[in-house]
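In the order they appear, the protein sequences are chains G and D. Sequential numbering from 34 applies to the first sequence in this note's numbering. Sequential numbering from 262 applies to the second sequence in this note's numbering. Even glycine gets a Cβ: it sits at the ideal position worked out from N, Cα and C.
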Amino acid sequence: MKEKRAGLKIIGGVAAGVLFYLYFLSAYNGYRFHREKETRFMMDTYVAITGIGPKYLNSKAISLAFGRIREIDEKFNFLNSKSPLYAFNNEGKPITDPEVVDLIKKALDVYRESEGAFDITVAPIVSLWGFYDKEFRLPSDGQIQAALRYVGSQHLKVNAGVVEKDDPRVKIDLGGIAKGYAVQEALKILNAQGLKSALIDAGGDVYALGMKGRKLWHIGIKDPRADGLLGYVKVKDVAVMGSGDYERFFMKDDKRYHHIIDPRTGYPTQGIAGVTLIYSDPVLAQAWTKVVFVHGVKKGLALLRRLPEMEAIVAKDSGEIECSAGCSRVLNKL
Amino acid sequence: MKGFNDNFLYKTTAFDKALIGVILGSCLIVLLWLRYRAETVTALAHKAYIYKEHALIRELPLLKDTRISLADGKMDIEVKDGSIRVARSDCPRRTCMSMGWIHHGGQTIVCVPYRIVIEIKAIAQEAAIDSVVY
Numbered sequence: 034m035k036e037k038r039a040g041l042k043i044i045g046g047v048a049a050g051v052l053f054y055l056y057f058l059s060a061y062n063g064y065r066f067h068r069e070k071e072t073r074f075m076m077d078t079y080v081a082i083t084g085i086g087p088k089y090l091n092s093k094a095i096s097l098a099f100g101r102i103r104e105i106d107e108k109f110n111f112l113n114s115k116s117p118l119y120a121f122n123n124e125g126k127p128i129t130d131p132e133v134v135d136l137i138k139k140a141l142d143v144y145r146e147s148e149g150a151f152d153i154t155v156a157p158i159v160s161l162w163g164f165y166d167k168e169f170r171l172p173s174d175g176q177i178q179a180a181l182r183y184v185g186s187q188h189l190k191v192n193a194g195v196v197e198k199d200d201p202r203v204k205i206d207l208g209g210i211a212k213g214y215a216v217q218e219a220l221k222i223l224n225a226q227g228l229k230s231a232l233i234d235a236g237g238d239v240y241a242l243g244m245k246g247r248k249l250w251h252i253g254i255k256d257p258r259a260d261g262l263l264g265y266v267k268v269k270d271v272a273v274m275g276s277g278d279y280e281r282f283f284m285k286d287d288k289r290y291h292h293i294i295d296p297r298t299g300y301p302t303q304g305i306a307g308v309t310l311i312y313s314d315p316v317l318a319q320a321w322t323k324v325v326f327v328h329g330v331k332k333g334l335a336l337l338r339r340l341p342e343m344e345a346i347v348a349k350d351s352g353e354i355e356c357s358a359g360c361s362r363v364l365n366k367l
Numbered sequence: 262m263k264g265f266n267d268n269f270l271y272k273t274t275a276f277d278k279a280l281i282g283v284i285l286g287s288c289l290i291v292l293l294w295l296r297y298r299a300e301t302v303t304a305l306a307h308k309a310y311i312y313k314e315h316a317l318i319r320e321l322p323l324l325k326d327t328r329i330s331l332a333d334g335k336m337d338i339e340v341k342d343g344s345i346r347v348a349r350s351d352c353p354r355r356t357c358m359s360m361g362w363i364h365h366g367g368q369t370i371v372c373v374p375y376r377i378v379i380e381i382k383a384i385a386q387e388a389a390i391d392s393v394v395y
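As structure tokens, then:
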């Protein structure tokens, strides 16, 4: 009889052991997958970083990443009177800061590869439409044609790490690429700190680092012409970057005028309401969203094929959705 | 089967009974905890959290239609049919208004000039959204 009772005790002991193991596992996972989210206002928008990992890693990594984004915000903001871009635009001072020069060179590469669709010198035209001072207005065609004479990246010369211009009226705005760069730099910090799982959301432009614990990250894609989402993508280790004609726009006589300007014509692009790109490089992903707006769906998507594995989701003005070759596999319906 | 008969099952000591009781009790507690957690997480999806300068200032249940003013009356927030939006804002770009209605967990509306963030918390289900690209 004693042996029989001993058998029951062993079963009980094993069950208790299993319960203890589950409790331990739960506590360990709570430690290993600790979730921390911080949001800050910077880069003329908000930036949220969510880290999943040991608590001691999360706080430090996120704080350092925000510090780096703050540095970039100050250095690359052409409205900041202490930035190299402000001095270049307003005083004609050549840009020598290696970090700024490197990003300008990258922007010029995209300018060439996109056949002029992505242009960091379009600032004077954007200013004419009132998208900087937020006093929206319809410029005359004469004003636009006059401003176009000093728009175009061919006005920039890069020699021996120095950026100069051939016309004092030429201005640079890196807003179409700097956010991607800030995301990339924040990502470097998170990686260097050993964080394996994080989500960086820079005002609607996202990078998903690793997995969300044991699942892929789910990133929603906003429907540009309706409330709600077009669907969502399941991703890891890629940037999901978007541009839309609904971000900054004004209506005049029932016509929408938005902030994405065709640098060849000086007028807002037509036909496309929103572009989302999924790619490993956040800098290129952000810059190339504008290319599809300017060239339209057919040529835009054809040019995007120059970047292997880049996926695109394009929402046309008409409400139709067009995707790159692999996109239909990627976009999930809610 | 040797050692596994009726006597084995029915003749137990007080210690055995206590042990079984502890195990069953533990399982019950775990089950209740999981149920409570599931209810709490689901309830999160029905609320919007409003932050100003990162400090939580309001929690609005999305199942109750309402309209409130924020930023000293410069902004109106409306909740209707399980969704939330910025119905009026005096800020220059009105980007927050153009974001329209949101209702999915993970969606946010941000007003940079007034430092307001409206966030619907993600829910623990397969289709929960972690962030939204726009």
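| message | On the criterion of 16 or more Cβ atoms from any shown chain inside 10 Å, does residue 327 of chain D qualify as buried, or is it exposed? | response | Taking the second sequence and counting its residues from 1, one reaches residue 327 of chain D at position 66. Residue 327 of chain D is exposed by the Cβ-count criterion.
| request: Return yes when the C-beta of residue 362 of chain G is under 6 Å from any heavy atom of the ligand SAM, and no when it is not. | output: What this structure holds is no ligand at all, so the ligand SAM is not there to describe.
| field | Runs of beta strand (DSSP E) wholly within the segment 240-312 of chain G (minimum 3 residues, chain order) | value | 250-255, 262-268, 271-277, 282-285, 288-291 and 305-312
| request: Identify every residue that forms a DSSP beta bridge with residue 163 of chain G. | output: Here residue 163 of chain G refers to the residue found at position 130 when the first sequence is read from its first residue. DSSP, once it has assigned bridges, lists no residue as partnering residue 163 of chain G.
| query | Since residue 273 of chain G meets chain D, which of its residues come closer than 7 Å, beta carbon to beta carbon? | reply | For the purposes of this step, residue 273 of chain G is taken as residue 240 along the first sequence, with counting starting at 1. 394, listed in chain order.
| Is residue 286 of chain D buried or exposed, if buried means 16 or more other CB atoms sit within 10 Å of its CB? | For the purposes of this step, residue 286 of chain D is taken as the residue at position 25 of the second sequence. Classification of residue 286 of chain D: exposed, given that the 10 Å Cβ count is below 16.
| request: Consult DSSP for residue 352 of chain D and reduce its assignment to one of helix, strand or coil. | output: As a working mapping, residue 352 of chain D is identified with position 91 in the second sequence. In this structure, residue 352 of chain D counts as coil in the three-state DSSP scheme.
| task | From the DSSP output, in three-state form, read off residue 170 of chain G for me. | result | Working through the first sequence from its first residue, we reach residue 170 of chain G at position 137. In the structure shown, residue 170 of chain G sits in coil (DSSP, three-state: anything other than H, G, I, E or B).
| request: For residue 349 of chain G, name the three-state secondary structure that DSSP assigns. | output: Position 316 of the first sequence holds residue 349 of chain G. Three-state DSSP puts residue 349 of chain G in a strand.
| said: Suppose you measure from the CA of residue 325 of chain D to the CA of residue 91 of chain G; what does that come to, to the nearest Å? | reply: Translated into the one-based positions of the second sequence, residue 325 of chain D becomes position 64. Translated into the one-based positions of the first sequence, residue 91 of chain G becomes position 58. If you take the alpha carbons of residue 325 of chain D and residue 91 of chain G, they lie about 36 Å apart.
| field | Start and end residues, beta strand (DSSP E) containing residue 330 of chain D | value | Position 69 of the second sequence, counted from the start, is the residue given in the question as residue 330 of chain D. Run containing residue 330 of chain D: 327-331, per the beta strand (DSSP E) assignment.
| Residue range of the beta strand (DSSP E) that includes residue 85 of chain G | Residue mapping note: residue 85 of chain G aligns to position 52 of the first sequence, counting from 1. Looking at the DSSP string, the run of the beta strand (DSSP E) that includes residue 85 of chain G is 78-85.
| message | At a CB distance below 9 Å, what residues from the segment 63-94 of chain G approach chain D? Give them in sequence order. | response | 71, 72, 73, 74, 77, 78, 79, 81 and 83
| For the candidate residues G:350, G:311, G:299 and G:352, whose alpha-carbon lies nearest to that of residue 151 of chain G? | Here residue 151 of chain G refers to the residue found at position 118 when the first sequence is read from its first residue. It is G:299.
| message | Taking 6 Å as the limit between beta carbons, can you name the residues of its chain near residue 181 of chain G, skipping five residues before and five after? | response | Residue 181 of chain G sits at position 148 when you count from the first residue of the first sequence. Excluding sequence neighbours, residue 181 of chain G sits near 299.
| query | Anyone know if the C-beta pair for residue 231 of chain G and residue 100 of chain G falls short of 7 Å? | reply | In the first sequence, residue 231 of chain G corresponds to position 198, counting from 1. In the first sequence, residue 100 of chain G corresponds to position 67, counting from 1. It is not a contact, given that the beta carbons lie outside the stated cut-off.
| field | Strand pairing of residue 75 of chain G, partner residues [DSSP] | value | Along the first sequence, read from residue 1 onward, the residue named residue 75 of chain G stands at position 42. BP columns for residue 75 of chain G point to G:78.
| task | Please confirm whether residue 309 of chain G and residue 327 of chain G have their CB atoms less than 7 Å apart. | result | Translated into positions along the first sequence, residue 309 of chain G becomes position 276. Translated into positions along the first sequence, residue 327 of chain G becomes position 294. Not closer than 7 Å, so no.
| With burial defined as no fewer than 16 other Cβ atoms inside 10 Å of the residue's Cβ, what is the status of residue 284 of chain G: buried or exposed? | Numbered from its first residue, the first sequence carries residue 284 of chain G at position 251. It is exposed - the Cβ of residue 284 of chain G has fewer than 16 other Cβ atoms within 10 Å.
| If you compare alpha carbons, which of G:153, G:173 and G:52 is closest to residue 198 of chain G? | Along the first sequence, read from residue 1 onward, the residue named residue 198 of chain G stands at position 165. It is G:153 whose Cα lies nearest to the Cα of residue 198 of chain G.
| Members of the segment 249-262 of chain G that neighbour chain D once the beta carbon cut-off is set at 7 Å | 250, 251, 252, 253, 254, 255, 260 and 262
| Under the three-state DSSP convention, the category residue 321 of chain D falls into | Looking up residue 321 of chain D in the second sequence gives position 60. Three-state DSSP puts residue 321 of chain D in a strand.
| task | May I have the straight-line CA-CA distance separating residue 229 of chain G from residue 218 of chain G, to the nearest angstrom? | result | Within the first sequence, residue 229 of chain G is the residue found at index 196, counting from 1. Within the first sequence, residue 218 of chain G is the residue found at index 185, counting from 1. Those two C-alpha atoms are separated by around 15 Å.
| query | For residue 156 of chain G and chain D, any beta-carbon pair shorter than 7 Å? | reply | Sequence index remark: in the first sequence, residue 156 of chain G carries index 123 (1-based). So, not an interface residue.
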